[in-house]
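Remarks on the structure that follows.
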Amino acid sequence: THYNNLQEKYCTRNYADIDIHAPFYYACQTIFYVFAFRYKEYTQNKTKLELAKSLNLGHLVNSKLNPLRMCTPAVVSNFASITRHYDLVYCYTIMENNKRNTAALPSTSIHGSSTTTDSLEMFFPFDPYLLLRSKDCIAPHYRVFDGMPKVEEEDMKENGTDEEMSDTEDSFLARQASLTHKGTPRSYDFTYGTSPGFSEM
1 THYNNLQEKY CTRNYADIDI HAPFYYACQT IFYVFAFRYK EYTQNKTKLE
51 LAKSLNLGHL VNSKLNPLRM CTPAVVSNFA SITRHYDLVY CYTIMENNKR
101 NTAALPSTSI HGSSTTTDSL EMFFPFDPYL LLRSKDCIAP HYRVFDGMPK
151 VEEEDMKENG TDEEMSDTED SFLARQASLT HKGTPRSYDF TYGTSPGFSE
201 M
């Protein structure tokens with residue numbers, strides 16, 4: 001938020017550019033991902049929900065840096081679905097605008113050459129733990145994704161259609177993809193039992 005405020009007040013480069021603002025976008029993707037995975041901790045009672053509202057997630061979402069455009073689509077979709085359900089942030093207007101802008105965003109690399117970038121690379125260090133001998137020591141400390149809010153799941157079943165995803169997204173998300181509500185981007189289920197953060201934190 002502080003970085004975003006500085007960009008709005010003082011910087012002439014207050015626009016979406018992954019080369020210029022990459023650390024900001026990675027920070028936003030981390031926030032979106034962790035919030036979507038652990039949303040129940042922020043919404044389990046009125047006090048926690050008020051805390052979630054105080055995070056001012058709308059300030060990030062509505063930033064001119066447009067993190068919804070640069071972050072991984074699957075993460076954005078789940079974040080949008082959950083924050084809509086709890087009336088925290090409405091992301092779909094921006095997501096639809098981004099979708100209509102199908103051309104990749106041009107940018108200039110640090111070497112001065114023109115580059116084209118769509119979104120951040122897919123990288124989630126918690127998926128999955130593959131070392132068989134030590135897996136039993138690590139697995140109990142990781143979280144299991146509890147699924148989307150029930151209302152959202154019902155909406156997805158009513159309006160849902162299966163969608164093929166890239167191999168990269170398959171490593172993090174299930175193949176089942178469905179519409180959250182008519183005319184909005186799809187929401188995805190997390191695949192693995194491991195998640196951001198240890199279970200005892």
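Okay, so the sequence shown: first residue is 1 according to UniProt numbering, each after it adds one. Where is the CB? At the ideal position from N, CA and C, for every residue including glycine.
A residue is called buried when at least 16 other Cβ atoms come within 10 angstroms of its Cβ; Q44 does not meet this threshold and is exposed. With a 10 Å radius around the Cβ and a threshold of 16 neighbouring Cβ atoms, T72 comes out buried. The shortest C-alpha to C-alpha distance from Y142 to any of P128, P149 and M148 is the one to P128. The continuous stretches of alpha helix (DSSP H) do not include M148, and DSSP gives it neither H nor E. Rounded to the nearest whole angstrom, the CA to CA distance from Y3 to F24 is 8 Å.
Here V75 is buried, its C-beta having at least 16 other C-beta atoms within 10 Å. One Cα belongs to I31, the other to S134, and the distance between them is close to 29 Å.
Taking the CA atoms as reference points, A52 sits about 17 Å from N62. Taking 8 Å as the upper bound for CB-CB distance, K48 and Y39 are not in contact here, some 10 Å apart.
The alpha helix (DSSP H) runs lying completely inside the segment 25-99 and spanning 4 residues or more are 39-43, 46-54, 57-61, 67-70 and 73-85, given in chain order. Here L130 is not near M70, since their CB atoms are 7 Å or more apart. Within the model, the alpha-carbon separation for F79 versus V89 is close to 9 Å.
With respect to I94, L55 sits apart: the two C-beta atoms are not nearer than 7 Å. Closest in alpha carbon position to Y33, among D136, K150, Y92 and T83, is T83. The alpha carbon of K46 has as its nearest neighbour, out of Y92, T12 and Y86, the alpha carbon of Y86. Straight-line measurement puts the Cα of R13 at about 32 Å from the Cα of F37. Around the beta carbon of H59, fewer than 16 other beta carbons lie within 10 angstroms, which makes this residue exposed. Assigned with DSSP and collapsed to three states, S119 falls in coil, not helix or strand.
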